[in-house]
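Each remark here refers to the structure printed beneath this line.
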Ligand code: AQP
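In full-length UniProt numbering, the protein residues as written are 13 to 344.
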């Protein structure tokens, strides 16, 4: 079975709608037909400052949301990145294979470092994509289900895997990004020119999955659209309306064309109200399932411990092969 791998950061307690539609939903679908590895990437989270107690709690909340969204530990390996030390170990090797100029071209780093300023930007944030290279290659992943913002990081992973394979020996599978066009980039509800994001969105532009449904309903209803009235799909002229249509389509299963026909003769308000209801219908049971997992932290930790053990079995084998091929003397 093909191998898939992906991760999500525990940087804030709640995932947002972009995380879910862009990535986590595909994780759930892919677990059935693939050998799937999914992780909460706490090593990535500390590239920006984290309060220790909050990080620990957010790691559990993240795992609970993944289970609440439909990951099934019988069908996938769910674990916490720091439980598998091979991630940090392989990352060092990958650091030494990646060019400084090559790493400097990562647009996510450029965006974030320009927002934080040089003094608040860590070297960890710069090498974040290189840790991600290690994350993916350790598991010999064939496909990496992510949002559009991660495409460049999967591309550099392919380059470095090929470089290792030709310089040393053919060890790594070359991974492909798995990105669904329709949900690859969910936009901020207040500024449809930027992606919905924990760090860049204003609170009103960000739909957090653990907020009360009525809080999110308000955000959908006050989403920025445009001065027109006709509900139609046009990413250039109507980015706000188009974003709402794509979200509706993903949640309802209706195509954008069907929705445009459905809203003919109706105003933007109708689309927003329907979307708020549709979201509440999905998010309410999601929150109940997530809450049930959070109420039983011992069971949650047990699931994560089993996941870490399964992950380590694969990761340690890859790392041992890499250490051998690059010429490290085995410990006697
Ligand atoms: N707006 C989005 N639309 C579609 N997919 C998205 N993803 C993130 N935002 C969107 C995808 O979610 C997965 C997990 O992302 P992450 O853990 O890297 O979270 P993130 O990138 O830290 O999310 P944010 O909100 O964008 O955080 P900041 O602002 O800190 O960077 C990934 O597959 C990602 O593509």
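In this text, a Cβ means the ideal position worked out from N, Cα and C, and glycines have one as well.
Residue i (DSSP reduced to helix, strand or coil)
i, result
"residue 348", "Residue 348 is absent from the model: the chain starts at 13 and stops at 344."
"residue 106", "helix"
"residue 250", "strand"
"residue 341", "coil"
"residue 74", "helix"
"residue 242", "coil"
"residue 259", "helix"
"residue 275", "coil"
"residue 166", "helix"
"residue 268", "helix"
"residue 68", "helix"
"residue 161", "helix"
"residue 227", "helix"
"residue 80", "helix"
Bridge-paired residues (DSSP) for residue i
i, result
"residue 188", "155"
"residue 50", "18 and 90"
"residue 207", "199"
"residue 220", "28"
First and last residue of the uninterrupted alpha helix (DSSP H) at residue i
i, result
"residue 236", "No alpha helix (DSSP H) contains residue 236, which DSSP labels as neither H nor E."
"residue 319", "309-338"
"residue 288", "280-306"
"residue 145", "135-150"
"residue 119", "119-128"
"residue 40", "37-42"
"residue 181", "Premise fails: residue 181 is in no alpha helix (DSSP H) and is neither H nor E."
"residue 116", "112-116"
Interface flag, residue i vs chain D, CB-CB below 8 Å
i, result
"residue 20", "In the structure shown, chain D cannot be found, because there is only a single protein chain."
Kindly confirm or deny that the region 289-302 and the region 211-229 touch, where touching means at least three C-beta pairs closer than 8 Å. yes
**Prompt:** Quick one: any contact between the region 46-57 and the region 159-176, if contact means 3 or more CB pairs under 8 Å?
**Reply:** no
With contact counted as at least three CB pairs below 8 Å, one residue from each stretch, are the region 249-263 and the region 202-215 in contact? yes
Are the region 87-100 and the region 317-337 in contact at 8 Å, needing three or more beta carbon pairs?
In short, these stretches touch, since the Cβ pair count reaches three.
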